[in-house]
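> Residue numbers (the working numbering), protein chains in the order written: chain A, 31 to 185; chain B, 31 to 185. Even for Gly, the Cβ is constructed at its ideal location relative to N, Cα and C.
Number of protein chains: 2
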Amino acid sequence: MRMGEGVEWGLHCCLTLAWLDERPVSTAKFATLFELPPAYLKKRLQSLVRAGILTSAPGVNGGFLLARSPERITLMDVVTALEGPDEAFRCTEIRQRGVEPAPEFARPCGVATAMRRAELAWRRELAGQTVADLVATAPAEAAARMRQRYARLTP
Amino acid sequence: MRMGEGVEWGLHCCLTLAWLDERPVSTAKFATLFELPPAYLKKRLQSLVRAGILTSAPGVNGGFLLARSPERITLMDVVTALEGPDEAFRCTEIRQRGVEPAPEFARPCGVATAMRRAELAWRRELAGQTVADLVATAPAEAAARMRQRYARLTP
DNA sequence: GCTCGAGTACTCGGATACATGCTGTCCGAGTTCGCTGGG
DNA sequence: CCCAGCGAACTCGGACAGCATGTATCCGAGTACTCGAGC
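1) To the nearest angstrom, report how far apart V109 of chain B and E38 of chain B are at their CA atoms.
2) Give the straight-line distance between the Cα atoms of Y180 of chain A and K59 of chain A, rounded to the nearest whole angstrom.
3) Could you tell me the distance, in whole angstroms, from the CA atom of T62 of chain A to the CA atom of L183 of chain A?
4) Measuring alpha carbon to alpha carbon, tell me which residue in A:C121, A:T85, A:L66 is nearest S99 of chain A.
5) Would you decide whether R175 of chain B is buried or exposed? Buried here means 16 or more other CB atoms lie within 10 Å of its CB.
6) In angstroms with no decimal places, state the Cα-to-Cα distance between P131 of chain B and A144 of chain B.
7) What's the C-alpha gap between R153 of chain B and Q178 of chain B?
8) Using a 10 Å radius around the Cβ and a threshold of 16 neighbouring Cβ atoms, would you call R82 of chain A buried or exposed?
9) Start and end of the beta strand (DSSP E) containing G229 of chain B?
10) R127 of chain B: buried (16+ other C-beta within 10 angstroms of its C-beta) or exposed?
11) Considering only C-alpha positions, which residue in the set B:L156, B:P54, B:M31 is nearest to V90 of chain B?
12) Output needed in chain order: residues of the region 40 to 59 of chain B with a Cβ under 9 Å from some Cβ in chain A.
13) M106 of chain B and A166 of chain B look like a contact to me (Cβ under 8 Å); what is the Cβ gap, rounded to whole Å?
14) Taking the alpha-carbon of P88 of chain B as reference, which of B:F64, B:A142, B:T57 has the nearest alpha-carbon?
15) Taking only runs of the beta strand (DSSP E) that begin and end inside the region 52 to 132 of chain B, which ones reach a length of at least 3 residues, in chain order?
16) Does the beta carbon of G140 of chain A sit closer than 7 Å to a beta carbon anywhere in chain B?
17) Name the DSSP beta bridge partners of T160 of chain B, please?
18) Please state the DSSP three-state secondary structure of R177 of chain B.
19) Just checking: is the beta-carbon of R127 of chain B within a distance shorter than 7 Å of some beta-carbon in chain A?
20) Along chain A, which residues have their Cβ under 7 Å away from the Cβ of L156 of chain B?
21) Put C44 of chain A into one of helix, strand or coil per three-state DSSP.
22) How is M145 of chain B classed by DSSP in three states: helix, strand or coil?
Okay, here's the thing in structure tokens:
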């Protein structure tokens, strides 16, 4: 099982936007800061816009901004926006294949229930952490250095 | 993010083996019971053998058996065997790209730490449930029906 | 009746296509900012 | 000096390749059971 790398990109971009506080960052700047392919990065950022996590401003000095305060953006929001709302484990009801309908199939599949329980624990943990928590945890030098690097590439 | 369907197959096969209690089940029988492609199913079952979860017996009336008691087989074991030991989220340290080494990079990446915390919750939940729990949860009719179906295809 | 050997059925392990989805790029359309020329 | 118009820079949205991984199949090699022939 693999999570797309866009999740890492999206989280670092949200963290950067929180650090820069209301200063818009364009795709090109993000791509320069993190050495990422600009076109594909833009595609992932647009997913975050569509999910209502970021807003985008066209025109010169445009770019992306957080759509709401970092306290209200959970890691679950970002993961769902970039990986889709589907669960990782998908029950295809193979227990019912090759056999006529039986009364015990009215109850939910125990395997699916067990897997869902684990996935809910994962989602709960993700929903319990916000971008603001990332800001609070990160060392202050990291934020300062990012602001410095940002200032250097907008003359 | 998507989990391979082999996980569902593997868990149902383990549950079936626990129900049948020491009676070997070949790939062909599993494929018939669940209407799955035999060749690919065998490949996934071989992954479980390699992980020490199942044992295989060649020859007539051969097949697969649980390598240890159902109480000692966790869902985490099965998922790891079929999906690999790697974590879903992989930190590629994009925070360090495009910038010279800095002291704050000695501390672990906060984004990776946050994602790892969620993944650990998932793994803990999976490790806390065993195949024996699946047996205990499933309705007794399901086990009886499976034993009946198994007897019918071994004359 | 007993023993040995050949045949059969089965699994193992690897090699090999096929399909799906993630990764990555490109283009046209629309929007905003800044500059410039005319009033 | 003020304002309108034009160009530049930027983002949006979608369409389009390339690639990695999951899905699926097939074949040769090896092993255990069964049947039958010979002693």
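On the basis of the data shown:
1) So the alpha carbons of these two residues sit roughly 9 Å apart.
2) Each residue's alpha carbon lies about 8 Å from the other.
3) Their backbone Cα atoms lie some 9 Å apart in a straight line.
4) Here the closest residue by C-alpha is A:T85.
5) Flag for R175 of chain B reads buried.
6) P131 of chain B and A144 of chain B: Cα-Cα distance of roughly 23 Å.
7) So the alpha carbons of these two residues sit roughly 35 Å apart.
8) First, the residue type needs correcting, since residue 82 of chain A is Gly and not Arg in the sequence shown. It counts as exposed.
9) With chain B covering only 31 through 185, there is no way to say anything about residue 229 of chain B.
10) Counting Cβ neighbours within 10 Å, R127 of chain B comes out exposed, since fewer than 16 surround it.
11) From the listed residues B:L156, B:P54, B:M31, the smallest Cα separation to V90 of chain B is found for B:P54.
12) Hits within the stretch, in order: L41, H42, L45.
13) The C-beta distance from M106 of chain B to A166 of chain B rounds to 18 Å, too long to fall under 8 Å, and the pair is not in contact.
14) Ranking the options by Cα distance to P88 of chain B, first place goes to B:T57.
15) Correct list: 84 to 87, 93 to 96.
16) Yes - at least one Cβ of chain B is within 7 Å of the one on G140 of chain A.
17) Note: T160 of chain B sits in a beta bridge opposite B:T104.
18) Here R177 of chain B sits in helix by DSSP.
19) Cβ-Cβ to chain A under 7 Å: yes for R127 of chain B.
20) Those are A148, listed as they occur along chain A.
21) C44 of chain A falls in the helix class under three-state DSSP.
22) Three-state DSSP puts M145 of chain B in a helix.
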